[in-house]
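Asks: Quick one: the structure is below, and I'll ask about it shortly.
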Amino acid sequence: MKRLLRIALSTAVVALGLAAPAAAQDTIAQIKQKGTIVVGVKNDYKPWGFLDPSGKIVGLEIDLIDDVAKKLGVKVEMIPVTAANRMEFLQQGRIDMIVATMGDTEARRKVVGMIEPNYYAGATNVLAPKSANLKQWSDLKGRKVCAVQGAYYNRRVSEMYAPDLVVFPAVPDALNALQGGNCIAFLFDDTLIVSTLSGGDAKWANYEMPLVSEDPQLWAIGVRLSDLNAPFGKLIKDMSVEWHKSGRLLELERKWGIKQSPYLIEQNRKLKSS
Amino acid sequence: MKTGQTDLPVLLPSRPPATPGEWGLSDASAVFGSRKVLAALVAFAVLSVAVAEAADANARPGILATVLKWTPLIATGFLFNLAVSVASMAVGTVAGVMLGLGQISIFRPVRGISWAATQFFRNSPWLVLLFFAMFLLPFEMKIGGVTVALPAWFKAIIGLALPVMANVAEIVRGGIRSIPVGQWESAESLAFTRFQTLWRIILPQAVKRMIPPWMNLYAILTMATTLISVVGIQDAMTLTRGALVAEARTDLYLPLYAMLLLLFFVYCYPIARLTQALERRFAVRI
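Protein chains in written order, with this note's numbering: chain A, -3 to 270; chain B, 133 to 418.
What follows is the structure, given as structure tokens:
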């Protein structure tokens, strides 16, 4: 009788699982069966994910994805996503995983399984001409600030400091507007501002990152909630630990010319000693 | 073709001789226009590169070289835009012809519904319709137990086909209405059925008048396909932006977009010229 009950229960669980897309069958098995892992990536966020002239997407995040694919012994299919559609794609089953500069927020955790340890942490700052003479965040109030659509910090900054946000579809448009004097600052990720400034481009010689970085934000690889504690989620978590521990992430930062992030150094030390 | 059940001695319309080349244009240069336009085009291209080159004092890889490096990729994206434009035009034309004929139906409900649909889709912004198509259509559909995936490009084609449909409907309705009522009356007096009148008398004349505005619409649609970049599809516009991100150089902004603009211009301008030529040719006195 007990056994019968157990069978009935497990069938019910399986049936429930079927209702959620692609959960009944283990995702790893599914990926292996397809022979490809489908990943949502950014192709307009240098150096995390961007295009090379042949149309291939390359970058730090792509290297991480290649590691996962190698581990599973499958090929990679990359689908360019935007902040607006990546979570929808994941839920629909169109992609198996998101590796697309996604900030790990409380609200998103209700929809997406966020892999820990997080693979990166950024903070918010602005890129501005020295002549703008910005001293503190509140100087932005009522002034035109360029930003990129869908960036997680837009909302917080506009609520706290009430700048007149001018939102562009992508980074180059915003940078161009900044250079054209359409706004006094560009709201962006601090490590990328550092990379831009240290790139040696004469056009940025008179620009600076004048404020204190705020709102440290962890970035996470996203999987479906049903995968988070399933073998697939566990595999990615283990790999993430390994990336930190082995110094792989620090090495990739160097490879792609990103300023060493304090978060990565700390995680590396912490996980190594444990 | 049967001409209906009647004993009356009716006059059948004479079949126009199918001479090849009737549609061809004797003057090919009419398509590409005067040399002046071509010269202006080249001058524009050279100028936009030159201006950017001059502004770039420090000697990094040349602007022209960089633009050329990305051209094959952007051209691939452009071909995708063209494919989307052709598909949208095909879907929109088929649906639009039906809607246009619906507008001249003798059944009031059909006429009413066709009219309402045409007006609605003709007076809505294309981008908004595209958004509706992208987010209302599901990601996959179950048709008789078979799950069919609806990829983003497919939804975009439908989204763009909606306004095209409404515009084609108006072109069809207008073309038919432009044929004098006398022709309908004569045909009726000769015992042609409504279908025969439409198919054998009215449409052959009306189609000629519909072709130029239809081509015009196609050119507009082709240029509007860049809208799909807004809903996250990898078209020429998205790829150009991608190239800009990868190069991280603001001095490339104008040259790269100018290159994209040229691709569209080179494709759409001949269509515009051809449309004008056809308009002149079909400016028939009925």
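We put the beta carbon where it would ideally sit given N, CA and C, even for glycine.
1) Between A/V167 and chain D, is any beta-carbon pair separated by less than 8 Å?
2) Consult DSSP for A/P212 and reduce its assignment to one of helix, strand or coil.
3) Alpha helix (DSSP H) containing B/T250: first to last residue?
4) Beta-carbon within less than 7 Å of B/T279's beta-carbon, same chain only, minus the 5 sequence neighbours each way: which residues are those?
5) Under three-state DSSP, which class holds A/M98?
6) Kindly say whether A/S257, judged by its beta-carbon, lies nearer than 8 Å to any beta-carbon of chain B.
7) Would you decide whether B/P152 is buried or exposed? Buried here means 16 or more other CB atoms lie within 10 Å of its CB.
8) Using a Cβ-Cβ cutoff of 8 Å, what residues of the stretch 70 to 81 of chain A are near chain B? List them in chain order.
9) Buried or exposed: A/N114, going by 16 or more other Cβ atoms within 10 Å of its Cβ?
10) Quick one: what does DSSP say A/M205 is sitting in, helix, strand or coil?
11) Got a sec? Which residues, its chain only, sit under 8 Å from B/E411 by beta carbon, not counting five neighbours each side?
12) Output the boundary residues of the alpha helix (DSSP H) element that contains A/R82.
13) B/K201 CB to nearest chain A CB: under 8 Å?
14) Can you check which of these residues, B/I206, B/F210 and B/L384, is closest to A/D169 by C-alpha distance?
15) Whole-angstrom Cβ separation of A/D272 and A/V190, contact assumed at under 8 Å?
16) At 8 Å on the CB atoms, spell out the chain B contacts of A/F46, in chain order.
17) With a threshold of 6 Å on Cβ separation, who are the neighbours of A/E262 within its own chain once the five nearest residues in sequence on each side are excluded?
18) Suppose the cutoff is 6 Å on Cβ atoms and the five residues either side in sequence are ignored; what does the same chain contact list for B/I311 look like?
19) Please report the straight-line C-alpha distance between B/A323 and B/V229, rounded to a whole angstrom.
20) I'd like to know whether the C-beta of B/L282 is nearer than 8 Å to at least one C-beta of chain A.
21) Under the three-state reduction of DSSP, which class applies to A/V34: helix, strand or coil?
22) With 16 as the cutoff for other CB atoms within 10 Å, does B/P257 come out buried or exposed?
23) Ignore the nearest five residues each way along the sequence and tell me which others in A/A36's own chain have a CB closer than 6 Å to its CB.
24) What residues in the stretch 203 to 231 of chain A have a beta carbon less than 9 Å from any beta carbon of chain B?
25) Whose Cβ in chain B lies nearer than 9 Å to the Cβ of A/D63?
26) Using a threshold of 8 Å, state whether the C-beta atoms of A/Y149 and A/T120 are closer than that.
27) Taking only beta carbons into account, state which residues of the stretch 201 to 217 of chain B come closer than 8 Å to chain A, listed in chain order.
28) Between B/R305 and B/I236, which are expected to be in contact by the criterion C-beta below 8 Å, what is the C-beta distance as a whole number of angstroms?
29) The ligand SAM and B/I195: does any heavy atom of the ligand fall closer than 7 Å to the residue's C-beta?
30) Would A/N178 be called buried (16 or more neighbouring beta carbons within 10 Å of its own) or exposed?
31) Shortest alpha-carbon distance to B/A378 belongs to which of A/L47, A/K71 and A/W133?
32) Using a Cβ distance threshold of 8 Å, determine whether the stretch 227 to 240 of chain A contacts the stretch 182 to 202 of chain A, with at least three qualifying pairs required.
33) Would you tell me roughly how many angstroms separate the C-alpha atoms of B/F327 and A/A147, rounded to the nearest one?
34) Distance, Cα to Cα, A/S257 vs B/S217?
35) How would you write the range of the beta strand (DSSP E) that A/L123 sits in, first residue to last?
36) Since A/E73 is in the alpha helix (DSSP H), which residue starts that stretch and which ends it?
Replies: Quick look at the numbers:
1) Looking at the structure shown, chain D is missing, and the protein chains on hand are A and B.
2) strand
3) R240 to R254
4) E272
5) coil
6) no
7) Model confidence at B/P152 stands at a pLDDT of 47, short of 50, so the residue's coordinates are unreliable; what they give is reported in the following sentence. By the neighbour-count rule (16 or more Cβ atoms within 10 Å), B/P152 is not buried but exposed.
8) P76, V77, T78, A80 and N81
9) buried
10) coil
11) P344
12) R82 to Q88
13) yes
14) B/L384
15) Absent from the model: residue 272 of chain A. The displayed extent of chain A is -3 to 270, so no value can be given.
16) G374, V377 and A378
17) none
18) I334, Q337 and A338
19) 26 Å
20) no
21) strand
22) exposed
23) The sequence given here places Gly at residue 36 of chain A; Ala does not occur at that position. Closer than 6 Å at Cβ, skipping near neighbours: I75, V77, R82, F85, I91, I94 and A96.
24) none
25) Neighbours of A/D63 on chain B: none; closest Cβ ~22 Å, over 9 Å.
26) yes
27) K201, W202, P204, L205 and T208
28) 6 Å
29) As far as ligands go, the structure on display features none, and thus does not contain the ligand SAM.
30) exposed
31) A/L47
32) no
33) 58 Å
34) 46 Å
35) Y116 to P125
36) Element bounds for A/E73: not the alpha helix (DSSP H) but the beta strand (DSSP E), K71 to P76.
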